[in-house]
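A short write-up of the structure that comes next.
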Amino acid sequence: MWKWETDNKAKGVIVIVHNMLEHTGRYAYVITHLKRNGYHVIMGDLPGQGQTSRMNKGQIESFEIYQERVLEWIEIAEAYHLPTFIIGVGLGGLICVNLLEKVQLDIEGLILISPLMAFHNSNKTRKNFLTANIGDVSKSAKFDLGFQVTDLTRNPEVQEETLNDAMMLKKVSYHWYKEVIRTMKETADHMNQFMCIPMCVMYGTEDVISDTKVTYQFVNNLNYDELYFKAWEGLAHEIHNEPEREAVMRYILSFLNNKVFAAGYLIDDENSIK
Numbered sequence: 001m002w003k004w005e006t007d008n009k010a011k012g013v014i015v016i017v018h019n020m021l022e023h024t025g026r027y028a029y030v031i032t033h034l035k036r037n038g039y040h041v042i043m044g045d046l047p048g049q050g051q052t053s054r055m056n057k058g059q060i061e062s063f064e065i066y067q068e069r070v071l072e073w074i075e076i077a078e079a080y081h082l083p084t085f086i087i088g089v090g091l092g093g094l095i096c097v098n099l100l101e102k103v104q105l106d107i108e109g110l111i112l113i114s115p116l117m118a119f120h121n122s123n124k125t126r127k128n129f130l131t132a133n134i135g136d137v138s139k140s141a142k143f144d145l146g147f148q149v150t151d152l153t154r155n156p157e158v159q160e161e162t163l164n165d166a167m168m169l170k171k172v173s174y175h176w177y178k179e180v181i182r183t184m185k186e187t188a189d190h191m192n193q194f195m196c197i198p199m200c201v202m203y204g205t206e207d208v209i210s211d212t213k214v215t216y217q218f219v220n221n222l223n224y225d226e227l228y229f230k231a232w233e234g235l236a237h238e239i240h241n242e243p244e245r246e247a248v249m250r251y252i253l254s255f256l257n258n259k260v261f262a263a264g265y266l267i268d269d270e271n272s273i274k
């Protein structure tokens, strides 16, 4: 786990929960913008990803291990005694939504970026589902999810970085896949237990990893007064890495600054977002 503290007067703390297959190092752009605009950032690699383990890459015993780690990060964030927010990206979004169905968290808001409420329905994902549920497969046996860097983003710079990134996972275990599918179903079945908090939900309309129809249904079922929703036309799964990522960050910062202001903290005018 790492902490990045703003050099400006702090107005909040952001806990970032990253996506599947990746690691903290891919969030330099997001972290830089949050710091520059007065936010501390808490972030670490999820279990089985990044620098957490060389032996169990792409494998977890249970989905709850993810949530235990996120709760640890939130506890660290709360020590600052500032408004606390969570950004959940892809798998990180699923982790956060499922967690907020089970516990009450003292946070000012939740930002979901392309939340993995369900896999995009395609021949590839149907094959993955069938393969993971046929026969007695070892918990440690692994397979390639089949996603390409072009599925993540249209940004050629990020595509090249991702291709050359030795810490990006190539495979996940069948057990990991089953745990994720189980949690998707559990989350959908208990949506009425979801903690009501200010929320910002975003995805790209060209996302071929997350099922955006399921995300849209999730948003429609939220009866919230404080809900930001944005479907970014033409953007892929990693909207925060797309060529339009500056506009995405401005939208995120607008949500954060409004919530911080509502909590009684003085902030700069929205037009001065850096």
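Counting in full-length UniProt numbering, the sequence shown runs from 1 upward without gaps.
Where is the CB? At the ideal position from N, CA and C, for every residue including glycine.
Would DSSP call Ser254 helix, strand or coil?
Numbered from its first residue, the sequence shown carries residue 254 at position 254. Helix.
For Lys3, does the three-state DSSP call read helix, strand or coil?
Within the sequence shown, numbered from 1, the residue matching residue 3 stands at position 3. Here Lys3 sits in strand by DSSP.
If you drop the 5 nearest sequence neighbours on each side, which residues of the same chain put their C-beta closer than 7 Å to that of Lys170?
As a working note, residue 170 is residue 170 in the sequence shown. For Lys170, where only same-chain residues beyond five positions count, the Cβ hits under 7 Å are Asp144.
Could you check where the alpha helix (DSSP H) with Gly93 kicks off and where it finishes?
For the purposes of this step, residue 93 is taken as residue 93 along the sequence shown, with counting starting at 1. Gly93 -> alpha helix (DSSP H) spans Leu91 to Leu100.
Report the residue from Arg250, Gly204, Ala118 and Gln67 whose alpha carbon sits nearest the alpha carbon of Ile181.
Sequence index remark: in the sequence shown, residue 181 carries index 181 (1-based). Checking every option, the nearest Cα to that of Ile181 belongs to Ala118.
Here's the rule: buried if 16 or more other CB atoms are within 10 angstroms of the residue's CB, otherwise exposed. What is Thr205?
Working through the sequence shown from its first residue, we reach residue 205 at position 205. Classification of Thr205: exposed, given that the 10 Å Cβ count is below 16.
Using DSSP with H/G/I as helix, E/B as strand and the rest coil, what is Ala231?
As a working mapping, residue 231 is identified with position 231 in the sequence shown. Note: Ala231 maps to strand in three-state DSSP.
Report yes if the C-beta distance between Ile42 and Val89 is below 8 Å; otherwise report no.
On the sequence shown, position 42 is the one that residue 42 refers to. On the sequence shown, position 89 is the one that residue 89 refers to. Not a contact, by the Cβ cut-off of 8 Å.
Tell me the DSSP secondary structure of Met191 in three-state form.
Translated into positions along the sequence shown, residue 191 becomes position 191. Of the three classes helix, strand and coil, the one that applies to Met191 here is helix, per DSSP.
Who are the near neighbours of His33 in its chain, counting only those whose CB is closer than 6 Å to its CB and skipping five residues on each side?
Residue mapping note: residue 33 aligns to position 33 of the sequence shown, counting from 1. Around His33: Met249.
Based on Cα-Cα distance, which residue from Val208, Gly146 and Val260 lies nearest to Thr153?
Along the sequence shown, one-based indexing puts residue 153 at 153. For Thr153, the nearest C-alpha among the options comes from Val208.
Looking only at its own chain, which residues have a Cβ that is under 8 Å from the Cβ of Lys3, when we skip the five neighbours before and after it?
The residue you call residue 3 lines up with position 3 of the sequence shown. For Lys3, where only same-chain residues beyond five positions count, the Cβ hits under 8 Å are His40, Val41, Ile42 and Ile76.
Using alpha carbons as the reference points, say which of Ile197, Lys11, Gly50 and Phe147 lies closest to Tyr27.
Residue numbering aside, residue 27 sits at position 27 when the sequence shown is read from its first letter. Residue Gly50 is the option with its Cα nearest to Tyr27.
Using the Cα positions of Met199 and Ile113, report the straight-line distance between them to the nearest angstrom.
For the purposes of this step, residue 199 is taken as residue 199 along the sequence shown, with counting starting at 1. For the purposes of this step, residue 113 is taken as residue 113 along the sequence shown, with counting starting at 1. Cα-Cα distance, rounded: 11 Å.
Take Leu163 and list the residues in its own chain whose beta-carbon comes closer than 7 Å to its own, dropping the five residues that flank it on each side.
Working through the sequence shown from its first residue, we reach residue 163 at position 163. Val149, listed in sequence order.
By how many angstroms is the C-alpha of Asn155 removed from the C-alpha of Ser62?
Here residue 62 is taken as the residue at index 62 of the sequence shown, counted from 1. Here residue 155 is taken as the residue at index 155 of the sequence shown, counted from 1. So the alpha carbons of these two residues sit roughly 34 Å apart.
By how many angstroms is the C-alpha of Glu101 removed from the C-alpha of Asp189?
Taking the sequence shown and counting its residues from 1, one reaches residue 189 at position 189. Taking the sequence shown and counting its residues from 1, one reaches residue 101 at position 101. Roughly 10 Å between the two C-alpha positions.
Would the beta-carbon of Asn19 fall within 8 Å of that of Leu91?
Against the sequence shown, residue 19 aligns to sequence position 19. Against the sequence shown, residue 91 aligns to sequence position 91. Yes, the Cβ-Cβ distance between Asn19 and Leu91 is below 8 Å.
Taking just the CA atoms, how far does Leu82 sit from Val219?
As a position in the sequence shown, residue 219 is number 219, starting the count at 1. As a position in the sequence shown, residue 82 is number 82, starting the count at 1. Val219 and Leu82: Cα-Cα distance of roughly 27 Å.
Which whole-angstrom value is the C-beta distance of Trp73 and Met167, which I expect to be below 8 Å?
Locating residue 73 in the sequence shown gives position 73, counting from the first residue. Locating residue 167 in the sequence shown gives position 167, counting from the first residue. Wrong, their Cβ atoms sit about 19 Å apart, outside the cutoff.
Under a three-way DSSP split, which group does Asn19 fall into?
Here residue 19 refers to the residue found at position 19 when the sequence shown is read from its first residue. Coil at Asn19, not helix or strand.
Would you report the Cα separation of Gly234 and His120, rounded to the nearest angstrom?
For this step, residue 234 is matched to residue 234 along the sequence shown. For this step, residue 120 is matched to residue 120 along the sequence shown. Taking the straight line from one Cα to the other gives about 16 Å.
Do you know whose CA, among Gly25, Thr84 and Glu78, lies nearest Leu256's CA?
Against the sequence shown, residue 256 aligns to sequence position 256. When only C-alpha atoms are compared, the closest one is Thr84.
In the structure shown, what three-state DSSP assignment does Thr153 receive?
Mapped onto the sequence shown, residue 153 falls at position 153. Thr153 falls in the coil class under three-state DSSP.
Indicate whether at least one CB of chain B lies closer than 8 Å to the CB of His120.
Chain labels in this structure do not include chain B; a single protein chain is all it has.
Could you check where the beta strand (DSSP E) with Tyr39 kicks off and where it finishes?
In the sequence shown, residue 39 corresponds to position 39, counting from 1. Taken as a continuous stretch (DSSP letters only), the beta strand (DSSP E) holding Tyr39 covers Tyr39 to Met43.
Please list, in chain order, all residues of the same chain as Ile65 whose beta carbon is under 6 Å from its beta carbon, the five residues on each side excluded.
Within the sequence shown, residue 65 is the residue found at index 65, counting from 1. The answer, listed in chain order, is Pro47.
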